[in-house]
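Asks: First, the structure itself, so that you have it in front of you.
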Amino acid sequence: HFFHYMWNSLFTVSMIVIFGLIVNSLCAYALVKLKFPGSGLILVVIIALYVVPFESMLIPLYIVVNNFGWINEYPALIVPFIASAFNIFLFRQFFMGIPQELEEAAMLDGANPWQTFWKIIVPNSKPVFATAAILTFVTHWSDFMWPLIVATDESIRTVQVGVQYLFADNNIEYGQIMAALSLTTIPVILIFLFFQRYYVQGITSSGVKG
Numbered sequence: 066h067f068f069h070y071m072w073n074s075l076f077t078v079s080m081i082v083i084f085g086l087i088v089n090s091l092c093a094y095a096l097v098k099l100k101f102p103g104s105g106l107i108l109v110v111i112i113a114l115y116v117v118p119f120e121s122m123l124i125p126l127y128i129v130v131n132n133f134g135w136i137n138e139y140p141a142l143i144v145p146f147i148a149s150a151f152n153i154f155l156f157r158q159f160f161m162g163i164p165q166e167l168e169e170a171a172m173l174d175g176a177n178p179w180q181t182f183w184k185i186i187v188p189n190s191k192p193v194f195a196t197a198a199i200l201t202f203v204t205h206w207s208d209f210m211w212p213l214i215v216a217t218d219e220s221i222r223t224v225q226v227g228v229q230y231l232f233a234d235n236n237i238e239y240g241q242i243m244a245a246l247s248l249t250t251i252p253v254i255l256i257f258l259f260f261q262r263y264y265v266q267g268i269t270s271s272g273v274k275g
């Protein structure tokens with residue numbers, strides 16, 4: 066079932082990346098460009114959440130997911146990780162460097178904030194979108210603890226958990242294990258090679274040290 070596990074990981078991580086880019090970029094845009102009462106406090110809370118270790122939230126998060134009836138369901142692997150404090154901060158740092166004149170010109174042409182975001186901000190932010198996509202993909206592709214807890218059913222088991230079951234056999238086939246581990250690295254290598262040029266620009270432009 067190895068390739069089924071690969072598909073589960075690709076599907077769940079891809080959904081986290083896609084929805085995460087939308088949600089986190091919109092949140093960062095609101096914090097930077099749409100001034101409203103309490104925006105500074107929200108930013109402080111987001112930064113504070115980034116330093117909270119995931120292990121401290123594991124049990125409460127499991128209770129919430131269980132109450133929703135998502136155990137052994139794809140939403141349990143996807144929804145909790147869509148919003149990311151680090152990615153919001155990353156987008157915010159990049160958006161702060163976009164010239165205000167571009168948005169003012171769009172607004173003079175009658176564009177509302179929603180249109181300005183999609184037609185001005187997004188096309189000029191490819192580096193930070195690529196950076197966030199790579200970091201999110203690599204982070205959640207290697208997730209083990211959370212999928213082990215909420216995805217006990219073989220039908221939605223992820224590849225990292227599936228590889229561990231190869232060690233549980235009475236006769237451990239190290240050749241199969243090495244082949245499986247080699248295959249699990251291919252998606253990470255491909256996504257980095259595809260977005261490498263934008264990744265370097267995004268790191269330098271956002272003021273984040275790699």
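All residue numbers for the sequence shown refer to the numbering used here, where the first residue is 66 and numbers rise by one. Glycine included, every Cβ here is placed at the ideal spot set by N, Cα and C. Here the structure is a predicted model, which means the values were calculated and not measured.
What first and last residue would you give for the alpha helix (DSSP H) that runs through K100?
Replies: Unbroken run through K100: none, as it is neither H nor E.
Asks: Between V193 and L155, how many whole angstroms is the CB-CB distance? I'm expecting something under 8 Å.
Replies: About 6 Å separates the two Cβ atoms, so the contact holds.
Asks: On the premise that L75 lies in contact with P252, defined as a C-beta separation below 8 Å, what is that separation, rounded to the nearest angstrom?
Replies: About 7 Å; that satisfies the 8 Å criterion.
Asks: With a floor of 3 residues, list each beta strand (DSSP E) that falls wholly inside the stretch 221-254, ordered by position along the chain.
Replies: Whole beta strand (DSSP E) segments, 3+ residues: zero.
Asks: Quick one, which of A245, T204, S247 has its alpha-carbon nearest G85's?
Replies: Per the Cα distances, T204.
Asks: For the pair the stretch 153-172 and the stretch 89-97, tell me if three or more CB-CB distances fall below 8 Å.
Replies: A contact exists between the stretch 153-172 and the stretch 89-97.
Asks: Let's see if you can read the secondary structure: which residues bound the alpha helix (DSSP H) around M122?
Replies: Residues 119-132.
Asks: What's the call for S149, buried or exposed, on a 16-neighbour Cβ count within 10 Å?
Replies: By the neighbour-count rule (16 or more Cβ atoms within 10 Å), S149 is buried.
Asks: Is A170 a contact residue of the ligand GTP, with contact defined as CB to any heavy atom under 7 Å?
Replies: Because no ligand of any kind appears in the structure shown, any question about the ligand GTP cannot be addressed here.
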